[in-house]
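Undergrad: Residue numbers (our numbering), protein chains in the order written: chain Y, 623 to 886; chain F, 623 to 886. All C-beta atoms in this analysis are idealised placements derived from N, C-alpha and C, irrespective of residue type, glycine included. One structure, pasted below without further comment.
2 protein chains.
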Amino acid sequence: MLHRAIGIFDSGVGGLTVCKEVIRQLPGENLIYLGDTARVPYGTKSAQTVERYALEAAGFLVDQGVKLLVVACNTASAVALPALRERYRLPVIGVIEPGARRAAESRNQRIGVIGTEGTIGSGRYEEAIRALLPEAEVFSTACPLFVPLAEEGWAEHEVARLTALEYLQPLISAQIDTLVLGCTHYPLLRTTLQRVMGPGVLLVDSAAETASCVAELFREQGLERPEHGGQRDFYVTDVPTRFERVGRAFLGRELSKVDQVMIG
Amino acid sequence: MLHRAIGIFDSGVGGLTVCKEVIRQLPGENLIYLGDTARVPYGTKSAQTVERYALEAAGFLVDQGVKLLVVACNTASAVALPALRERYRLPVIGVIEPGARRAAESRNQRIGVIGTEGTIGSGRYEEAIRALLPEAEVFSTACPLFVPLAEEGWAEHEVARLTALEYLQPLISAQIDTLVLGCTHYPLLRTTLQRVMGPGVLLVDSAAETASCVAELFREQGLERPEHGGQRDFYVTDVPTRFERVGRAFLGRELSKVDQVMIG
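Structure below.
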């Protein structure tokens, strides 16, 4: 059981920021990553369609015999966790609870959340934060241009700064002290977002919080693989070329071995 | 036969710019439009995957008994026309030939082409222009941020102008006199693109050229429906809400009746 891999899926390259953190915090674990690049993105699609895609992606990983499933996509975490937990009999960790837990440490209880249309429309972050901190005021904004900006490699371009200024103005006016990066692409924009929000605002990276959450669970349940250097396998549903090229910046290293599979 | 509909498909809302032009130039025709919104976009996906999606989308329209198929997506036109023409026994019109035909009227024979990664990567515009104007110098650039900017409604925002400046600088330096808008989203950005390129550059709108091409074919072959006010039916593969909301700006009017279907 210990030697079984952790299964991680996302709509595309974004979940590699979660992968990167899991590798950093749990270097001995075997990982299997699936990016549903033939149907990316999930963030602009309906809850019904995203749930169907998430069940199919998870099904592929479960068939590989993984010991734990990480939903490294905020949109899928927002709309598909109940269906995934009902269908599959293994622990399923999404990125929203861990991010909300960290955000609930806000001192002034004024918290911003940014994400895709799907994630923001679901209201799940707000719900998760309020469950922990009932007095919190949560200000949520969808930022659809951040994903293509991150994928284009323009994270620190003047265009990214202007775009962030436009999206974040209401959150600056609301005087939040904590901003949840509710999309796995957004850690790439961290420098720009911090510059726009100012140094006093804590940026919560759901990717890092989720990896911590997995590490904690493994320690509690004695599930950690006691080896050095786990194996990492990457699968995508479209031809791997673009994933390999764009994914480097998200994983912070070369993608060694990426194979194409059919799901759904 | 005359009363059969024209079938038009695209990955999402973009092809509605082609629809708009077909309605303007051939107001008596019945239209059936399919937007593959569950799998949008096509522009960042591989030729292999886009060809599969295009065959499935076209299959749905052929099953409705359409008299002509319009591939209102530059990426699908770039990579899937041969497969579509081989599989289906009806006239198939893509958006690339009509756009190239107009571009080949360039006076200085220096022509720019902008589009998605898939369209630009295919080299099809360059090929089609050179077939008509062998001496032409063609300068092609992928502009991945234009689609999300158009969908966000930021077509005339300062962010769009800065983005266009960055992408188009090499085409300005190349002193082109004609720029092909090789993506059905780009007509929404026309004002910004003209401002950045300057008034001396002709912008070729593939949507309008394609509609003219359909009108011409109908006149030649006596296929035009001799009625006023055709019926227009819209289908999408995801929940219609977002398509209806975003599509208005592309069609230039409300979307009256949109139904969800499963394909593939």
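1. Under 9 Å Cβ-Cβ, which residues of chain A neighbour Y/Ala679?
2. Could you tell me whether the stretch 702-716 of chain F touches the stretch 643-660 of chain F, using the rule of 3 or more Cβ pairs below 8 Å?
3. If you drop the 5 nearest sequence neighbours on each side, which residues of the same chain put their C-beta closer than 6 Å to that of Y/Pro720?
4. Run through chain F and tell me which residues come within less than 7 Å of Y/Pro792, C-beta to C-beta.
5. For F/Ala696 and F/Ile718, what's the separation of their Cα atoms in angstroms?
6. Looking at the structure shown, is Y/Gln670 part of a helix, part of a strand, or coil, going by DSSP?
7. What is the residue span of the beta strand (DSSP E) that Y/Ala764 lies within?
8. So, helix, strand or coil for Y/Thr800, using DSSP?
9. Beta-carbon of F/Cys683 versus every beta-carbon of chain Y: anything under 8 Å?
10. Report yes if the C-beta distance between F/Leu683 and F/Gly734 is below 8 Å; otherwise report no.
11. Helix, strand or coil: how does DSSP classify Y/Gln686 here?
12. Throw me the rounded Cβ distance for the Y/Ala829 and Y/Val640 pair, which I believe falls under 8 Å.
13. Is any beta-carbon of chain F found at less than 8 Å from that of Y/Val781?
14. For F/Leu787, I'd like the list of residues in its chain whose CB is within less than 7 Å of its CB, leaving aside the five on either flank, ordered along the chain.
15. Please report how far the alpha carbon of F/Glu748 lies from the alpha carbon of F/Val760, in whole angstroms.
16. If you reduce the DSSP assignment to three classes, tell me which class F/Gln882 lands in.
17. Can you tell me which of the three DSSP states F/Arg854 falls into?
18. Using a C-beta to C-beta distance shorter than 8 Å, which residues of chain F count as neighbours of Y/Ser633?
19. Are any of the Cβ atoms in chain F nearer than 8 Å to that of Y/Ala700?
20. Give the straight-line distance between the Cα atoms of F/Gln797 and F/Val883, rounded to the nearest whole angstrom.
21. Taking only runs that begin and end inside the stretch 810-875 of chain F, name each unbroken beta strand (DSSP E) of 3 or more residues, in chain order.
22. Report the neighbours of Y/Val880 on chain F: residues whose CB is nearer than 7 Å to its CB, in chain order.
23. So which residues of chain Y does F/Asp860 contact, with C-beta pairs closer than 7 Å?
24. Would you kindly work out how many angstroms separate the C-alpha atoms of F/Arg841 and F/Ser762, rounded to a whole number?
25. Compute the Euclidean distance between the alpha carbons of F/Leu731 and F/Gly804, then round it to the nearest angstrom.
26. Would you tell me roughly how many angstroms separate the C-alpha atoms of F/Asp827 and F/Ala722, rounded to the nearest one?
27. Can Y/Ile794 and Y/Ala764 be called in contact, C-beta distance under 8 Å?
28. Please look up how many angstroms separate the CB atoms of Y/Ile630 and Y/Ala694, rounded, as I've assumed it's under 8 Å.
29. In chain order, what residues of the stretch 788-818 of chain F put their CB closer than 9 Å to some CB of chain Y?
30. Whose C-beta lies closer than 8 Å to the C-beta of F/Thr813 among residues of the same chain, with five residues either side of it excluded?
31. Does the beta carbon of F/Thr785 sit closer than 8 Å to a beta carbon anywhere in chain Y?
32. Does DSSP put Y/Tyr710 in a helix, a strand or coil?
33. Return the residue from the list Y/Leu825, Y/Gln791, Y/Leu810, Y/Thr806 that minimises the CA-CA distance to Y/Asp799.
34. To which residues of the same chain is F/Leu839 closer than 8 Å at the C-beta, ignoring the five residues directly before and after it?
35. State the CB to CB distance for the pair Y/Ala669 and Y/Gly740, rounded to an integer number of angstroms; the pair is presumed to be in contact (CB under 8 Å).
36. For Y/Pro766, which residues in chain F fall below 9 Å Cβ to Cβ?
TA: Quick look at the numbers:
1. In summary, chain A is missing from the structure at hand, where the protein chains are Y and F.
2. no
3. Glu831, Thr832, Cys835
4. Here the premise fails: no neighbours, minimum Cβ distance about 16 Å.
5. It should be pointed out that residue 696 of chain F corresponds to Asn in this sequence rather than to Ala. Distance between the alpha carbons of F/Asn696 and F/Ile718 is about 7 Å.
6. helix
7. 759-764
8. strand
9. The sequence given here places Leu at residue 683 of chain F; Cys does not occur at that position. For F/Leu683, the answer is no, since every Cβ of chain Y falls outside 8 Å of its Cβ.
10. no
11. coil
12. 4 Å
13. yes
14. Val818
15. 6 Å
16. strand
17. strand
18. Chain F residues near Y/Ser633: none, gap ~11 Å exceeds 8 Å.
19. no
20. 46 Å
21. 824-827, 854-858
22. Near Y/Val880 there are no residues of chain F at all, since even the closest Cβ is about 13 Å away, more than 7 Å.
23. Lys667, Ser668, Thr671
24. 34 Å
25. Contrary to the premise, residue 731 of chain F reads as Gln rather than Leu in this sequence. Distance between the alpha carbons of F/Gln731 and F/Gly804: 18 Å.
26. 10 Å
27. no
28. 5 Å
29. Glu788
30. Ala777, Glu778
31. yes
32. coil
33. Y/Leu825
34. Leu690, Pro713, Ile715, Leu845
35. 7 Å
36. Pro770, Glu773, Glu774
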